[in-house]
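Asks: Please see the structure below; I have some questions.
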Amino acid sequence: MRLTLLGTQGWIPTGRRETTCLALESAGRLLIFDAGTGLRRMLEPPGSSMLAAARELHLFLTHYHLDHVCGLAYLPGIFAGRKLTVHVPEMGLNGVDPERGIAELIRNPYNPRAWGELPDVELATVHAGVNEVAGHAIRVRAQQHPDITVGYRVDDDFAFVTDTLADPETAVFAKAVAVLLHEAWYYGSADAAAARSGLPAATIAPHVAAERAAALAAAAGAGELWLIHLNPFFTEAYYTEMEQAAQTVFCGAAVRPDLYQHVFDRAAD
Ligand SMILES: [Zn+2]
Ligand SMILES: [Zn+2]
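So, in structure tokens, the structure goes:
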């Protein structure tokens, strides 16, 4: 089972990093999490070979903010002729009718074809708790964000937690996972980060400081913490400082580049 980071930037893609997208290859199945601009990496290696090798394709969405769903516009190109199941939170999780959430994004005049006209895509929903999908136990929980998001946990291998406040329940959700992928927007104080980035404090505060994410990883007993959904108004040098700040709280904290790959050790299964 191999996880590839296709996009680790939040909000706005940069020259080095695309917006949120992960790909998990597992026994001939490809599970993609979020459809940020990183989804475009499926068109070139290593994404193109993952796609060619997969006999079953799944896409899971955390929420409908545009930086996480803009890749839906790429589906007819990237997955042409392939059956793709798109999994979104059921209405009980986020208050959004799943059909409406997607159909309002993919319709005229925003997209040349309506969602219902796309061949080979199928909509499915995930519910709170454990969902058995594609041979995996996929745990889902609602998270607080300006709109409700969901976190995903795949078996005991990884938890994907982005666009959320620092929530003590995340430590329970991610208990003993091999890798916690958690958003980190800044380190230190929000005011210092606002001053350094030039962003209004109001765009900093709804997100999580790296040290808080590190404390959650430590409380969860996670093997590693990867800081994701990185703030595009900071440099790679800042991310290194942020990584070091997180490591003072949890030594397994890291900032990984786009296209970083990790193979999960399934020997314990
Ligand atoms: Zn986001
Ligand atoms: Zn968001």
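Heads up: take any position in the sequence shown, counting from 1, add 1036, and you land on my numbering.
The C-beta atom is built at its ideal place from N, Cα and C for all residues, glycine as well.
Quick caveat: nothing in here was measured; it's all calculated off a predicted structure.
(1) Apart from the five residues on each side of it in sequence, which residues of its chain come closer than 6 angstroms, Cβ to Cβ, to Asn1130?
(2) If we require 4 or more residues per run, which alpha helix (DSSP H) segments fall completely within the segment 1061 to 1107?
(3) Compute the minimum distance between the beta carbon of His1163 and the heavy atoms of ligand 2, and state whether it is under 7 angstroms.
(4) Which residue wins for smallest C-alpha separation from Pro1081, given the options Tyr1110, His1094, Leu1111, Leu1041?
(5) Out of Gly1224, Arg1302, Thr1206, point me to the one whose CA is closest to Leu1316's CA.
(6) Measuring only the C-alpha atoms, how far is Arg1065 from Val1169?
(7) Going by the CB atoms, is the gap between Phe1209 and Ile1177 shorter than 8 angstroms?
(8) So which of His1172, Glu1135, Ala1281 has the shortest CA-CA distance to Glu1126?
(9) Would you list the residues whose beta-carbon is nearer than 5 angstroms to any heavy atom of ligand 2, in the order they occur in the chain?
(10) So Tyr1275 and Leu1266 are supposed to be a Cβ contact under 8 angstroms. How far apart are they, rounded?
(11) Quick one: using the 10 Å Cβ neighbour count with 16 as the cut-off for buried, is Arg1175 buried or exposed?
(12) When DSSP builds the beta bridges, which residues end up paired with Phe1196?
(13) Roughly how many angstroms lie between the CA atoms of Ala1173 and Ala1195, to the nearest whole one?
(14) Is Asp1203 near ligand 1, in the sense that its beta carbon is under 7 angstroms from a heavy atom of that ligand?
(15) Between the Cα of Ile1142 and those of Gly1117, Val1105, Leu1120, spot the shortest distance and give me the residue it belongs to.
(16) Ligand 1 heavy atoms versus the CB of Trp1262: any closer than 7 angstroms?
(17) Applying the criterion that 16 or more other CB atoms from any shown protein chain within 10 Å of the CB defines a buried residue, is Arg1302 buried or exposed?
(18) Roughly how many angstroms lie between the CA atoms of Gln1297 and Asp1191, to the nearest whole one?
(19) Is Trp1221 near ligand 1, going by C-beta to nearest heavy atom under 7 angstroms?
(20) Could you check whether Gly1187 and Ser1062 sit closer than 8 angstroms to each other, using their CB atoms as the reference points?
(21) Between Asp1227 and the rest of its own chain, which residues show a CB-CB distance below 7 angstroms, the 5 nearest in sequence each way excluded?
(22) Is there at least one non-hydrogen atom of ligand 1 closer than 7 angstroms to the beta-carbon of Asp1103?
(23) Looking at the secondary structure, which residues open and close the beta strand (DSSP E) in which Gly1137 lies?
Replies: Taking the structure as given:
(1) Ile1184
(2) 1083 to 1089, 1102 to 1105
(3) no
(4) Leu1041
(5) What is shown of the chain runs 1037 to 1305, which leaves residue 1316 out entirely.
(6) 11 angstroms
(7) One detail in the question is off: residue 1177 reads as Arg in this sequence, not Ile. Their beta carbons are under 8 angstroms apart, which means Arg1177 touches Phe1209 by this criterion.
(8) Glu1135
(9) This selection yields His1101, Asp1199.
(10) 6 angstroms
(11) buried
(12) According to DSSP, which records beta bridges pairwise, Phe1196 is partnered with Tyr1188, Leu1217.
(13) 12 angstroms
(14) Flag unset: Cβ of Asp1203 not near ligand 1.
(15) Val1105
(16) no
(17) So Arg1302 counts as exposed.
(18) 18 angstroms
(19) no
(20) no
(21) Ala1237
(22) yes
(23) From DSSP, Gly1137 is part of no beta strand (DSSP E) but of the alpha helix (DSSP H) over 1134 to 1139.
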